[in-house]
Amino acid sequence: MHAAAEVADHTGLELDKNRLLALYREMLLIRRTEEQLARSYQKGDIPGACHTYVGQEAVAVGVCARLRRDDVVFSTHRGHGHALAKGVPPREVMAELFGRATGCSRGRGGSMHLFSPEVGLMGTTGIVGPNILQATGAGYSFRLLKNARVSVGFFGDGAVNNGAFHEGLNLAAIWDLPVLYVCENNLYATEVAFGAATRNTDVAERARGYGMAGVAVDGNDVLAVAAAAEEAVRRARAGDGPTLLECRTYRTRPHAEGMRDGGYRTPAEVDDWKRRDPIAALRARLLGSGTADEEEFAAVDAEITAIVADALRFATDSPYPDPATATAHIYSDG
Amino acid sequence: MRELSFTVAAREGLAEEMARDETVFVVGEGIGERGGNFNTTVGLYELYGPERLRDTPIVERGFVGMCTGAAMTGTRPVVDFMFLDFILDAMGELINQTAKIQYMSSGRLTMPIVLRGCIGIGGASATHHSGNYYPIFAHLPGFRVALPSTPRDAKGLLKTAIRSDDPVLFLEHKSLLNTKGPVPDADADELIPFGRAAVRRAGGDVTVVALCLMVNRTLEAAADLAHDGIAVEVIDPRTVAPLDVDTILESVRKTGRLLIVDEDFAPAGIGAEISAQVTERAFDELDAPIRRLNGLQTPVPYSPPLEAALVPTRERIAAAIRDLVAE
Ligand SMILES: Cc1ncc(C[n+]2csc(CCOP(=O)(O)OP(=O)(O)O)c2C)c(N)n1
Chain A
1279 MHAAAEVADH TGLELDKNRL LALYREMLLI RRTEEQLARS YQKGDIPGAC HTYVGQEAVA
1339 VGVCARLRRD DVVFSTHRGH GHALAKGVPP REVMAELFGR ATGCSRGRGG SMHLFSPEVG
1399 LMGTTGIVGP NILQATGAGY SFRLLKNARV SVGFFGDGAV NNGAFHEGLN LAAIWDLPVL
1459 YVCENNLYAT EVAFGAATRN TDVAERARGY GMAGVAVDGN DVLAVAAAAE EAVRRARAGD
1519 GPTLLECRTY RTRPHAEGMR DGGYRTPAEV DDWKRRDPIA ALRARLLGSG TADEEEFAAV
1579 DAEITAIVAD ALRFATDSPY PDPATATAHI YSDG
Chain B
35 MRELSFTVAA REGLAEEMAR DETVFVVGEG IGERGGNFNT TVGLYELYGP ERLRDTPIVE
95 RGFVGMCTGA AMTGTRPVVD FMFLDFILDA MGELINQTAK IQYMSSGRLT MPIVLRGCIG
155 IGGASATHHS GNYYPIFAHL PGFRVALPST PRDAKGLLKT AIRSDDPVLF LEHKSLLNTK
215 GPVPDADADE LIPFGRAAVR RAGGDVTVVA LCLMVNRTLE AAADLAHDGI AVEVIDPRTV
275 APLDVDTILE SVRKTGRLLI VDEDFAPAGI GAEISAQVTE RAFDELDAPI RRLNGLQTPV
335 PYSPPLEAAL VPTRERIAAA IRDLVAE
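Residue numbers (this note's numbering), protein chains in the order written: chain A, 1279 to 1612; chain B, 35 to 361.
Printed below as a string of structure tokens:
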């Protein structure tokens, strides 16, 4: 159960039909890509780990919808969604997990080390915590360079009891850095319930301890996330400092592909959250309000299906990296 | 040439680079108005203000991680640890992040960050203020490690470090800070390249590779031995990552004898690496086994007689050289 504190509502975010459909499209792209990755994992096509983002799509999409291309994102071990939402081509994400030379990290990274600085994805990470500090540092750069860019650090509830969270948020607060700290509270760190890891499960409330703005939103409501992100990004660009945004959500697949998913949570709990699916919710909302019709959704679905099929084909057909390049790029001169 | 102290020379290097490139900034504890515990930044706060001379809370992990993110996004941080010992709180960030991000990003991100701090045994500093630790960094892919022994090198290596797009450890032995030596004029803009050893004294009987403070001690010992007709060649690698083994080999081919003098521990240390590489590449040219003279492998004790027992002295270095020549 998430903490009982007041969750901000999202009135006030004005989005036209195209932008609303774009949010839907982005979330569906993540969902279908993840589902394909899960199938590929089961077939043995992915040589390493694979943590999917299924159930949490509204967070990455809602936040990244409010960013510019030159804003930067520092992500986690569960980063495919952040990568896609920030604009990394699905082909490159798929090829990276397949270990191919055409992947966004040229086969050096896999699921937990996606890099695409060209679109502002400054890395996902296999270590819980450091990306919070790096996001803080990007904020420091942007402040020093006076360029009004914004930095975002995504992290799970598992990171908020780590020293990196404390040190990073404190530094950003004292220097008013343009950083958005997005906690995706999905209630579990691997199989450890958040309530077993802290006395105070209200993450947003911790912001007060650092003297920064803190907001909690329904992380399965993409419009609520986007509205909160909009306000936080505005604050950051204006030089008014960082925000801690807690998005309350849930991952509906196991922690990682190939892991069992029992014992620490009940099937009823998972089913309950599946009924709160962020993609179905937006679709129902747009149908209900007459903003879009079934035909339009069918067209988006077909488009996404084709994109994912193309990404899979691309990954499968791509070459592996040349073993002779195994030690390239350790240093800047090669 | 002008005579400057090691500290003043290094500070001049930092000041020149900060004037040259406004993306360079310094973080640390007391490096703002106070000018640094070791006077590394005296006078710079007045010129560049708090954003570029950033006093931090006591969060070594935090500011290393922060500067790693800064280095990825267009600025060039210089992290001033004061005592290098404090870097240990940030090792996860450094080893898993700072050193690996260029590689993991397949060279699309650079990591222009300098990590500077004082090292070395002396002054009854005891075990939390006497660490050397450079072999750890030399072992890992991704780092450069500079160990200047003269004021001129301190300035020239620091300037190279700041202009480098790689993470550089720039380590200053506390006992060298007040030593003086010739330094070219400011407008010379001298950069000392990494991976190029300096032959500090030429001699044909025996090669001694000495690191950091040990360079000075070895030069003193070599002067003593010259009276007895022993000609010592003294090599100062200046950086241990990259390590200029070619210059050492060239000398060993001439002398046939090699001693490595290092204040830091012997096991898995820089001397072990030099010894292995020389053995691999010039075994047939050695007239005697390669010898090492190191500080004792122990936490550093406080009491002066205990502390002094750890470190190679001029006399012990001279004795080790005599023994090797007699082999
Ligand atoms: C420093 C560190 N310790 C342990 C791990 C192993 N580990 C990987 S993911 C994870 C749980 C993370 O939980 P959370 O941050 O809530 O993210 P979620 O998996 O729920 O998205 C752990 C313990 C790690 N990657 N890094």
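Every residue, glycine too, gets a C-beta built ideally from N, C-alpha and C.
Touch test, the region 1440 to 1457 of chain A against the region 1525 to 1532 of chain A, Cβ-Cβ under 8 Å, three pairs minimum: no
Cross-chain neighbours of tyrosine 1418 of chain A in chain B, by beta carbon under 9 Å: On the first sequence, position 140 is the one that residue 1418 of chain A refers to. In chain order: Phe59, Val61, Glu85, Arg88, Met100, Cys101, Gly103, Ala104, Thr107, Thr109 and Pro111.
Cysteine 1525 of chain A by DSSP, collapsed to three states: which one? Within the first sequence, residue 1525 of chain A is the residue found at index 247, counting from 1. Three-state DSSP puts cysteine 1525 of chain A in a strand.
Tell me which same chain residues have a C-beta within less than 6 Å of the C-beta of threonine 1380 of chain A, skipping the five on either side of it? The count along the first sequence starts at 1 and reaches residue 1380 of chain A at position 102. Closer than 6 Å at the Cβ level, and outside the excluded window around threonine 1380 of chain A, lie Ala1373 and Ser1596.
CB of asparagine 212 of chain B to nearest heavy atom of ligand 1: below 7 Å? On the second sequence, residue 212 of chain B is found 178 positions in, with the first residue counted as 1. Checking every heavy atom of ligand 1 against the Cβ of asparagine 212 of chain B, none is found closer than 7 Å.
Quick check on asparagine 1296 of chain A: does DSSP put it in helix, strand or coil? Stepping through the first sequence from its first residue, residue 1296 of chain A is reached at position 18. If DSSP states are grouped into helix, strand and coil, asparagine 1296 of chain A belongs with the helices.
Taking three-plus beta-carbon pairs below 8 Å as touching, is the region 126 to 142 of chain B in contact with the region 184 to 198 of chain B? no
Using the beta-carbon of each residue, which ones in chain A are nearer than 8 Å to glutamate 127 of chain B? Here the question's residue 127 of chain B lines up with position 93 in the second sequence. Under the 8 Å cutoff, chain A gives Pro1408 and Leu1411.
CA-CA distance, histidine 1288 of chain A and serine 1318 of chain A? Sequence index remark: in the first sequence, residue 1288 of chain A carries index 10 (1-based). Sequence index remark: in the first sequence, residue 1318 of chain A carries index 40 (1-based). With a pLDDT of 48 at histidine 1288 of chain A, under the threshold of 50, the modelled position of this residue cannot be trusted, and the question is left open.
Among B/Phe40, B/Phe120 and B/Ser198, nearest to threonine 161 of chain B - alpha-carbon criterion: Along the second sequence, one-based indexing puts residue 161 of chain B at 127. The residue with the shortest Cα to Cα distance from threonine 161 of chain B is B/Phe120.
Would you mind reading off the limits of the beta strand (DSSP E) that contains methionine 116 of chain B? Start at 1 with the first residue of the second sequence, and residue 116 of chain B comes out as number 82. Methionine 116 of chain B -> beta strand (DSSP E) spans 110 to 117.
Chain B contacts made by the region 1384 to 1409 of chain A, where a contact means CB separation under 7 Å: Arg1384, Arg1386, Gly1387, His1391, Phe1393, Pro1395, Met1400, Gly1401, Ile1405 and Pro1408
Would you kindly check if the distance between the Cβ of methionine 52 of chain B and the Cβ of arginine 86 of chain B is under 8 Å? As a first step, residue 86 of chain B is located in the second sequence; it is residue number 52 there, counting from the start. As a first step, residue 52 of chain B is located in the second sequence; it is residue number 18 there, counting from the start. Taking 8 Å as the Cβ cut-off, arginine 86 of chain B and methionine 52 of chain B qualify as a contacting pair.
Can you check whether the CB of alanine 244 of chain B is closer than 8 Å to the CB of threonine 281 of chain B? Here residue 281 of chain B is taken as the residue at index 247 of the second sequence, counted from 1. Here residue 244 of chain B is taken as the residue at index 210 of the second sequence, counted from 1. No, they are not a contact pair.
Please classify asparagine 328 of chain B as buried or exposed, where buried requires at least 16 neighbouring CB atoms within 10 angstroms. Within the second sequence, the letter at position 294 stands for residue 328 of chain B. Buried.
With three or more C-beta pairs closer than 8 Å as the rule, is the region 1420 to 1435 of chain A touching the region 1334 to 1353 of chain A? yes
Using a Cβ-based criterion (distance less than 7 Å to any ligand heavy atom), does isoleucine 1410 of chain A qualify as near ligand 1? Numbered from its first residue, the first sequence carries residue 1410 of chain A at position 132. False, no ligand heavy atom lies under 7 Å from that Cβ.
Are the region 1534 to 1542 of chain A and the region 1504 to 1518 of chain A touching, with three or more C-beta to C-beta distances below 8 Å? no
Under a three-way DSSP split, which group does serine 1596 of chain A fall into? Locating residue 1596 of chain A in the first sequence gives position 318, counting from the first residue. Of the three classes helix, strand and coil, the one that applies to serine 1596 of chain A here is coil, per DSSP.
For the region 120 to 149 of chain B, which residues have a beta carbon sitting closer than 9 Å to at least one beta carbon of chain A? Gly126, Glu127, Asn130, Gln131, Ala133, Lys134, Ile135, Gln136, Tyr137, Met138, Ser139, Ser140, Gly141, Arg142, Leu143, Thr144, Met145 and Pro146
When Cβ atoms are compared, which residues of the region 145 to 176 of chain B fall closer than 7 Å to chain A? Pro175 and Gly176
Confirm, please, whether the CB-CB distance from aspartate 1435 of chain A to cysteine 1461 of chain A is below 8 Å. Looking up residue 1461 of chain A in the first sequence gives position 183. Looking up residue 1435 of chain A in the first sequence gives position 157. Going by C-beta atoms, cysteine 1461 of chain A is nearer than 8 Å to aspartate 1435 of chain A.
Counterpart residues of aspartate 270 of chain B in DSSP-defined beta bridges: Residue mapping note: residue 270 of chain B aligns to position 236 of the second sequence, counting from 1. In DSSP, aspartate 270 of chain B forms a bridge with B/Ala232.
What in chain A is Cβ-close to valine 179 of chain B, meaning under 9 Å? Mapped onto the second sequence, residue 179 of chain B falls at position 145. Simply none; closest approach about 13 Å.
Report the rounded CA-to-CA distance for arginine 1384 of chain A versus proline 1325 of chain A, giving the unit in angstroms. Position 106 of the first sequence, counted from the start, is the residue given in the question as residue 1384 of chain A. Position 47 of the first sequence, counted from the start, is the residue given in the question as residue 1325 of chain A. Straight-line Cα distance between these residues: approximately 15 Å.
Quick one: which chain B residues come within Cβ less than 9 Å of serine 1567 of chain A? Translated into positions along the first sequence, residue 1567 of chain A becomes position 289. Per Cβ cutoff of 9 Å: no residues; serine 1567 of chain A is ~40 Å from chain B at best.
Which residues in the same chain as arginine 1554 of chain A place their Cβ atom closer than 6 Å to its Cβ, once the five residues preceding and following it in sequence are excluded? Within the first sequence, numbered from 1, the residue matching residue 1554 of chain A stands at position 276. So the list reads Asn1498, once near-sequence residues are dropped.
Say whether chain B places a C-beta atom closer than 8 Å to the C-beta of glycine 1441 of chain A. Start at 1 with the first residue of the first sequence, and residue 1441 of chain A comes out as number 163. Output row for glycine 1441 of chain A: interface = yes.
Considering only residues of the same chain and omitting the five flanking positions on each side of glutamate 349 of chain B, which have a CB-CB separation below 6 Å? As a working mapping, residue 349 of chain B is identified with position 315 in the second sequence. Counting only Cβ-Cβ distances below 6 Å, and skipping sequence neighbours, we find nothing.
Since I believe phenylalanine 115 of chain B is in contact with arginine 150 of chain B (beta carbons under 8 Å), could you give me their beta-carbon distance rounded to a whole number of angstroms? As a position in the second sequence, residue 150 of chain B is number 116, starting the count at 1. As a position in the second sequence, residue 115 of chain B is number 81, starting the count at 1. Going by Cβ atoms, the distance from arginine 150 of chain B to phenylalanine 115 of chain B rounds to 7 Å, so yes, they are a contact pair.
Residues of the region 271 to 284 of chain B in Cβ contact with chain A at a cutoff of 7 Å, in chain order, please. none
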